[in-house]
Each structure stands twice: as structure tokens, then as C-alpha cells.
Amino acid sequence: MKVVLPDSSELELADGATGLDAARAIGPKLAEQAVLARVDGSTRDLRLPLADGEHVQFLTTRDTEDPDALYALRHSTAHLLAEAVMRLHPGVKIAIGPPIADGFYYDFEFAEPISEADLETIEEEIRREIAEGREWVREEVSREDAIARFEAEEQPYKVELARDADGDISLYTQGAFTDLCRGPHLQNAKPIKAVKLTSLAGAYWRGDERNTQLTRIYGTAFFSQADLDAHLERLEQARARDHRRLGTQLDLFHLSDHSPGSPFWHPKGMVLWNALEDLRRRENRKRGYLEVKTPLLYDIQTYITSGHYDNYRENMFFVQPHEGEEPLALKPMNCPGHMLLFGSQLRSYRDLPIRYAESSTLHRDERGGTLHGLLRVKHITQDDAHVFVTEDQIQGEIDAMIDFVNFLYERFGVTPRAELSTRPESRLGSDEQWDHAEAALEAALKRRDLEYVISPGEGTFYGPKIDLHMTDVLGRSWQMGTIQLDYQMPVQFGLTYMGPDNREHAPVVIHRALLGSLERFLGILVEHYGGAFPFWLSPVQVRVIPVGEGHREAAESLRARLDTEGYRVEVDDRDDTLGKRIRDAELEKVPFVIVYGDRESDAALAVRERGGEQSTISLDALLERFRGLAAEGDPA
RNA sequence: GCCGACGUAGCUCAGCUGGUAGAGCACUUCACUCGUAAUGAAGGGGUCCCCGGUUCGAGUCCGGGCGUCGGCUCCA
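Quick note, the first sequence lines up with residues 1 to 636 if you use our numbering.
Written out as C-alpha cells, the structure reads:
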């Protein structure tokens with residue numbers, strides 16, 4: 001048989017030759033350094049046979065940044081971790097240990113709990129294994145043999161995995177350790193030049209909290225120590241952009257034990273907040289949304305009607321005004337309020353669509369351990385709206401919402417990832433309705449040519465949704481905007497409109513929050529910009545620094561002038577050196593600094609831009625520049 | 001809710017095996033009035049998260065609670 005190499009040359013091989021055979025045929029050095037075969041785009045263990053006509057490329061120990069090569073390296077390191085743990089903790093039960101982005105983990109069930117201090121010992125053991133040398137041997141066995149083997153070894157999790165596998169099973173052995181594993185793996189442990197165990201966490205078997213909680217050990221590995229160092233350096237740089245750190249540094253907000261999960265917004269943070277509110281309000285108005293305001297407190301019946309009492313009671317706040325009175329619930333979402341508002345009057349088909357918008361304070365009593373800076377809060381504010389439509393208005397409204405979303409996110413130069421979340425196990429309504437609703441959302445995504453993935457079972461109990469996701473500085477994904485199609489809640493609330501046929505019909509409602517939560521959106525924005533906001537968003541746009549005491553008056557009058565033009569300007573006339581005040585302005589990431597001394601006048605201002613670039617320009621020219629920059633946030 | 005770690009000045013952190021707290025920055029005052037990323041000196045500032053326990057004595061050890069961080073689970 002023949003396989004095709006990357007340079008299009010053909011290589012003759014015996015039938016049944018493996019990737020390693022092919023590498024050997026090319027050269028002994030390649031055979032030694034080969035880590036993986038990439039065959040027609042997907043990776044294959046070197047121990048597996050090639051087939052006639054396949055296009056083969058070899059990944060070697062020099063492909064130190066190739067994700068597939070790193071995956072194999074880390075997957076193999078995970079096996080070394082399991083071997084080390086089994087040696088140090090006899091009787092430990094092993095579960096699964098895959099490579100992940102930036103590293104790997106392995107899940108164990110320990111007889112006695114371990115702590116982070118134990119990681120060092122385990123890490124040393126792994127290094128010892130590498131120093132001793134390990135080779136991986138692959139074998140294929142029947143399902144029954146695999147089950148029997150792991151039963152004999154008293155490894156119940158492996159038995160369960162083997163039971164659930166279909167077809168034959170592959171095993172990989174290194175040293176005294178054999179694991180049930182699909183591969184691919186390294187030939188041997190030599191390429192593993194840097195290993196670090198990073199953290200310890202609880203994780204439920206198969207991701208289900210009804211199952212046993214296992215102990216997960218996270219780690220990472222690289223082809224060189226320099227790569228590991230670079231990785232740690234990147235993490236440190238990412239942490240410098242963390243919105244929690246910048247929130248304090250830039251005096252935007254703080255969190256307090258006195259009200260966990262409820263940010264205190266400082267004046268500078270409020271500038272950002274209000275910029276989002278202004279954007280939301282202005283753009284909603286252009287698109288026919290009507291701003292409303294509905295109560296914060298409702299009786300329990302409202303939430304029984306909406307279904308939230310059954311589904312989310314655990315996460316709601318209740319207040320009892322006085323002894324013996326009925327409790328009220330603090331609203332965790334706006335839907336019921338908007339349903340009641342719609343139902344307060346007789347509606348005609350001529351009124352539809354009705355688009356109620358409200359950016360109101362909501363409270364959700366999130367489970368302990370889930371709060372996270374601004375990204376997961378108890379006090380949450382959504383740029384919410386509910387659009388009541390007839391069946392044939394659905395498509396048009398959803399298309400318009402997707403366009404609206406694109407418009408909003410483009411303002412910030414960010415691109416969210418779309419997901420289509422389909423029917424969950426526990427839900428209202430018939431399968432026909434769900435088919436219909438899911439199809440409507442998917443059709444909209446396709447019409448607007450938006451890339452998306454499907455998240456099965458992740459929809460709400462009342463309908464499917466399109467979610468927009470973004471990633472924070474540590475690589476975690478967060479849901480931002482959402483568009484949800486709902487046939488249920490209007491029915492629960494008995495909502496109707498009078499149709500042209502003079503009969504009552506139930507409207508369909510589209511729930512949507514496009515930025516999502518203002519708190520979360522701001523958190524992501526702070527990280528996206530690393531605190532260096534564009535001019536139109538900057539809490540302080542210009543700082544005027546008088547050179548000496550004698551220039552304070554002129555600086556103040558320049559400030560007043562810029563203030564009149566609508567810009568956010570401060571004078572820094574502190575009794576500090578010029579260098580110090582410029583340094584502070586840079587650290588606060590103020591976009592423009594104007595140094596004002598003897599040489600300056602309206603005709604010639606000394607302007608320093610964030611980052612250090614300096615120029616001398618007239619006030620008029622500067623104002624012209626500012627007008628252009630300010631317009632980025634408010635395109636006509 | 002679960003696993004692990006942590007909680008000391010406004011911020012970032014140090015505080016060894018128990019003997020009633022310290023640095024840098026910030027703040028205040030004084031001197032300097034400065035030309036593009038830190039002027040110098042002096043000073044003020046702490047219920048060491050909370051409650052309980054052990055001890056002659058607890059920031060330090062133990063128990064409980066609250067909060068935060070990294071994960072898991074959850075997320076209308």
C-alpha cells in the first residue's frame with residue numbers, strides 16, 4: 001500500500017503498517033521524535049495501522065505548540081499522574097483523566113481526603129517516573145475482558161466505563177499501570193520536559209451531583225520548561241486584566257461582606273453603567289420598544305402562575321412584611337411583571353407586536369460557592385424586554401433582535417458565540433410546540449448566517465433560546481445575551497388578544513436580554529479592554545495637569561471649557577511632581593492628558609495620549625478629534 | 001450545596017515552633033513649584049472576618065459560622 005506525505009510524495013509500506021512503521025521508513029530520527037500521526041486531518045496513535053491512500057503527517061517533539069501534540073503529551077502525563085497516585089495511595093479508585101485546554105486532570109476516589117500539600121509529593125513521583133523512563137503499550141481487548149480485568153483490580157469506575165463502551169476496548173500500559181483509554185499517547189515519557197500539578201477540586205462522577213464526589217487533580221505539561229514558564233507568565237498577565245482586580249485599581253466598584261453578590265458601584269463605575277443604560281435606552285427607542293417599570297415585590301401566586309415558584313423557589317428571596325402577613329417574593333426576573341402588564345388591558349391584534357423594555361433590579365439567591373465578581377451576582381440587572389407577538393410576527397422580530405445584538409456587540413468590538421439551547425427534560429408544553437419553537441430559532445440563526453452550536457437540553461422550562469456566550473480572562477465561558485421563544489407563559493397568565501376573526505388568541509412572547517446582565521457585561525468589558533476603555537466609555541476622558549501653582553487657573557478654565565463641551569475632565573493640581581501625576585494618569589488609563597504650563601495656550605496644547613504619544617495641537621483641533629472619538633459610542 | 005485553599009491598615013502583602021502587630025503604596029502635614037511613568041522628610045491609621053473553646057496568655061492552636069478564591073454542580 002501507499003500513503004501520501006505532506007510534500008505530496010508517496011511512501012510504499014507493507015499492508016497493515018502502522019504510523020510508527022511509516023516514520024521508521026522515513027528515518028530513524030523521525031521515528032524517535034514522532035508523537036502522533038495526523039491522518040486526513042484527524043490525529044491517530046502511532047501504534048495504529050495506516051490505510052492505503054491516506055495522507056499522513058507526523059507530529060514530533062518539535063511541534064511544541066501544536067494543540068494535538070500537546071493533547072497527547074498531557075494525556076500521557078495524566079496517566080503518569082494516575083500511576084503516581086496509585087503508588088502513593090494504594091487502594092485509590094481511579095475514574096477518568098483527559099487532557100483539557102491548557103492541561104489535564106485525573107479524577108480519583110481517595111479513602112482519606114488529600115490536600116494541596118500532597119500535590120508536591122505526587123509531582124515528585126511523576127518526575128521520578130519520567131526519570132526512570134516509561135513506554136506506553138497499546139492493546140485491544142474485548143469488552144468482557146476489560147470488565148473482568150478492572151473488576152479484578154477493584155476499579156469500579158473503570159468497570160462502569162468499560163460496560164458503557166461499545167465494541168472493542170483499547171488499553172494503554174506504562175510501568176505498572178494500565179488504563180482504559182482511547183489514546184492517542186506518546187511513545188514514551190521522554191518528551192515530557194515540564195510538569196506542574198496546579199490544583200485540587202471536587203468533581204462529581206460523570207458530572208452529576210447525585211453521584212459520588214471524586215477528587216480531581218489538575219495539572220499541565222509541556223515539551224519544555226521554557227514553554228511552561230511562558231504559560232505561567234501568560235496566566236499572570238491575564239490575572240492583571242481580571243475585572244475584580246481592575247475594579248479596585250480603577251475605583252469602579254467594590255463588593256462587600258455586608259451584601260454578598262451585590263456590587264457597590266463607585267462614581268467611575270457608574271459612568272460605565274450609565275453608558276450601557278444610555279445605549280440600551282436610545283437603541284430600544286429607535287426599534288419600537290416601550291420602556292416600562294414594574295414592581296419589585298409580588299405575591300407568591302404570581303410565581304406559581306409563571307412556573308418559577310416550582311422551578312426556582314430555592315433561588316428566590318422572600319420577605320414577610322409583618323408577623324402573620326403573607327410573604328412576598330422579590331422579583332428574580334421581569335417576565336411575570338410584564339405578563340401582568342400585558343393582561344391589564346384588552347389587546348387587539350392591531351396592537352401587536354408590543355415590546356416592553358425594562359432594565360430593573362432583580363435578585364437571585366445564587367447557591368453558595370457560585371458567586372464570582374461581577375460575572376455571577378445576586379443583585380442582577382438585565383437589559384430585559386418582552387415582545388408579545390402573533391405567530392406570524394415571530395420570524396421578523398427574532399431577525400430584528402439578532403441584528404440588534406450584532407449592532408450592540410460591535411460597539412465594543414466583541415464577538416459572542418451563539419448557542420441554540422433546546423428543550424430540557426423538565427418543561428411545559430407539547431412536543432409539537434417545542435418542535436415549532438426550536439425550528440423558528442434555528443431558522444433565524446441560519447437566515448442571519450450566524451454560526452452556532454446546539455446545546456441539547458439547555459433551554460428554559462418554557463421555551464428554547466438563543467444564547468450568546470463570551471469568555472473571561474481566565475478562559476471561562478459566560479452567557480451574555482439571550483433570546484427565548486415562549487408559547488407557555490402567556491397561556492399560564494391567561495393572556496389574549498382579539499384577532500381579526502373577532503376571537504381571542506394567545507400571544508407568543510419573546511423574552512430577550514441582549515447585553516444580558518449589565519453587571520456581567522461590564523465585567524467582561526473591563527477585561528476585554530484591560531481597563532483601557534475607549535474614549536467614549538472612559539470614566540475620566542481627559543486629565544489636565546498644571547505644571548506649577550501658577551498654572552492652576554488656566555488648567556481650571558480649560559477643564560471648564562471641555563466640561564461645557566460635554567467631556568469628563570479632571571484637573572490634577574495635587575502638590576506632586578509632574579512625572580508623578582503623569583504616571584498616575586497612565587495607571588488610571590486616562591485616554592488624554594493635557595499638560596498645561598507657560599508654553600501652552602488654546603492655540604498650542606501639549607497633549608499626551610494613553611501609552612505615551614505626545615503632540616502639540618490647538619484646542620479646536622483637539623475638540624474635533626474628541627467629537628470623532630465620542631461618536632464611536634453613538635453612531636447616528 | 002460539594003471538594004480544596006484563603007480572610008492581618010484604604011490597596012498589595014509579611015508576621016518563625018502561641019508572648020497583646022509590620023512593610024510598600026495610598027492618606028495627612030511640612031519643604032520643594034517642578035515639562036511627560038514614582039521629590040524628600042515627618043505623622044496618623046488595625047474589633048488581625050465573626051462567635052465559642054483550649055491556654056497564665058490566641059493574629060497564630062481547635063470547633064462552628066460568614067465571606068472570598070480555584071474547581072464541581074446549578075444558573076429562570
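Glycine is no exception: its CB is placed at the ideal position from the N, C-alpha and C atoms. No experiment lies behind these values; they were computed from the predicted model shown.
Just checking residue i against the ligand NAD - is the residue's beta carbon closer than 8 angstroms to any of the ligand's heavy atoms?
i     : result
HIS55 : The ligand NAD is not part of this structure, which contains no ligands at all.
Sort the options by Cα distance to residue i and report the nearest one.
i      : options                        : result
SER42  : ARG62, LYS29, THR61, PRO67     : PRO67
VAL377 : VAL56, GLY516, GLU65, SER262   : SER262
PRO184 : THR390, ALA72, PRO260          : ALA72
ALA240 : ARG280, ASP449, ARG411, TYR529 : TYR529
ILE510 : LYS2, GLU588, LEU375, PRO353   : PRO353
GLU135 : ALA630, GLU32, ARG476          : GLU32
ILE114 : ASP563, ASP102, VAL92          : VAL92
PRO416 : PRO321, LEU362, LEU374, LEU525 : LEU525
ILE380 : ASP399, PRO332, LEU346, VAL389 : PRO332
PRO464 : TYR452, VAL453, GLU451, LEU441 : LEU441
PRO500 : LEU228, ARG350, ALA25, GLU54   : ARG350
GLU419 : VAL453, HIS551, ALA203         : VAL453
GLN492 : ALA22, GLU519, PHE318, THR302  : THR302
GLU609 : ASP602, GLY597, LEU587         : LEU587
ASP227 : ARG44, GLU570, ASP63, LEU328   : ASP63
ASP15  : GLY27, LEU36, ALA51            : ALA51
TYR596 : LEU374, LYS589, HIS551, ALA585 : HIS551
LEU346 : ARG282, ARG503, THR361, LEU374 : ARG503
LEU276 : TRP265, GLY307, LEU408         : LEU408
HIS363 : GLU314, VAL389, GLU326         : GLU314
For the putative contact between residue i and residue j, defined by C-beta atoms under 8 angstroms, what is the C-beta separation to the nearest angstrom?
i      : j      : result
PRO637 : ARG568 : Not covered by the structure: residue 637. The range shown for the chain is 1 to 636.
LEU522 : PRO507 : The pair is not a contact, with the Cβ atoms about 33 angstroms apart (cut-off 8 angstroms).
PHE108 : LEU214 : 6 angstroms
ILE537 : GLY612 : Strictly speaking, residue 537 in this sequence is Leu, with Ile absent from that position. Not quite, the Cβ-Cβ distance comes to about 21 angstroms (not below 8 angstroms), so this is no contact.
ARG411 : LEU252 : About 19 angstroms; that fails the 8 angstroms criterion.
ALA25  : PHE58  : Their Cβ separation, rounded to whole angstroms, is 11 angstroms, which puts ALA25 and PHE58 out of contact at 8 angstroms.
ILE94  : TYR157 : 7 angstroms
LEU46  : ALA37  : 6 angstroms
LEU88  : GLU125 : 6 angstroms
CB residue i to CB residue j, shorter than 9 angstroms?
i      : j      : result
ARG163 : ARG143 : yes
ILE192 : THR60  : no
THR460 : SER421 : yes
ILE100 : ALA189 : no
LEU119 : GLY97  : no
GLU458 : ASP449 : no
ALA201 : LEU180 : no
ARG127 : LEU48  : no
ALA554 : GLU600 : yes
HIS243 : GLU527 : yes
THR654 : GLY167 : As displayed, the chain neither begins before 1 nor continues past 636, which places residue 654 out of reach and without an answer.
MET470 : VAL405 : no
ASP365 : MET316 : yes
LEU558 : ILE594 : yes
VAL387 : ALA238 : no
ALA439 : ASP486 : no
ILE169 : VAL159 : no
With a CB to CB cut of under 8 angstroms and the five nearest residues on each side skipped, what residues in its chain are close to residue i?
i      : result
ALA443 : GLN395
LEU341 : VAL292, THR294, TYR356
ASN311 : SER426, PHE461
ASP403 : ARG448
GLU358 : GLU291, VAL292, LYS293, THR294, ASN334, GLY337, HIS338, ASP384, ALA385
GLU116 : SER199, LEU200
With a threshold of 7 angstroms on Cβ separation, who are the neighbours of residue i within its own chain once the five nearest residues in sequence on each side are excluded?
i      : result
SER643 : Lying before the first or after the last residue shown, residue 643 is absent from the chain, which here runs from 1 to 636.
THR370 : ARG376
PHE110 : HIS89, VAL92, THR215
Using a Cβ-Cβ cutoff of less than 6 angstroms, which residues in the same chain neighbour residue i once the five nearest sequence positions on both sides are dropped?
i      : result
THR212 : TRP205
ALA221 : LEU73, ARG74, THR77, ILE192, VAL195
VAL39  : GLU54, VAL56
PRO490 : ALA506, PRO507, VAL509
GLU123 : LEU197
Open item on the list: I'd like to know if the stretch 255-272 and the stretch 326-341 are in contact, where contact means that at least 3 CB-CB pairs between them fall below 8 angstroms.
Closed with: no
Task: the stretch 502-520 contacting the stretch 478-494, beta-carbon criterion three pairs below 8 angstroms - done: At 8 angstroms Cβ cutoff, the stretches touch.
Task: Inter-stretch contact at 8 angstroms, needing at least 3 Cβ pairs: the stretch 297-312 / the stretch 391-407 - done: By the criterion of at least three beta-carbon pairs nearer than 8 angstroms, the stretch 297-312 is not in contact with the stretch 391-407.
Open item on the list: Would the stretch 575-594 count as touching the stretch 543-551 if we require 3 or more Cβ pairs under 8 angstroms?
Closed with: yes
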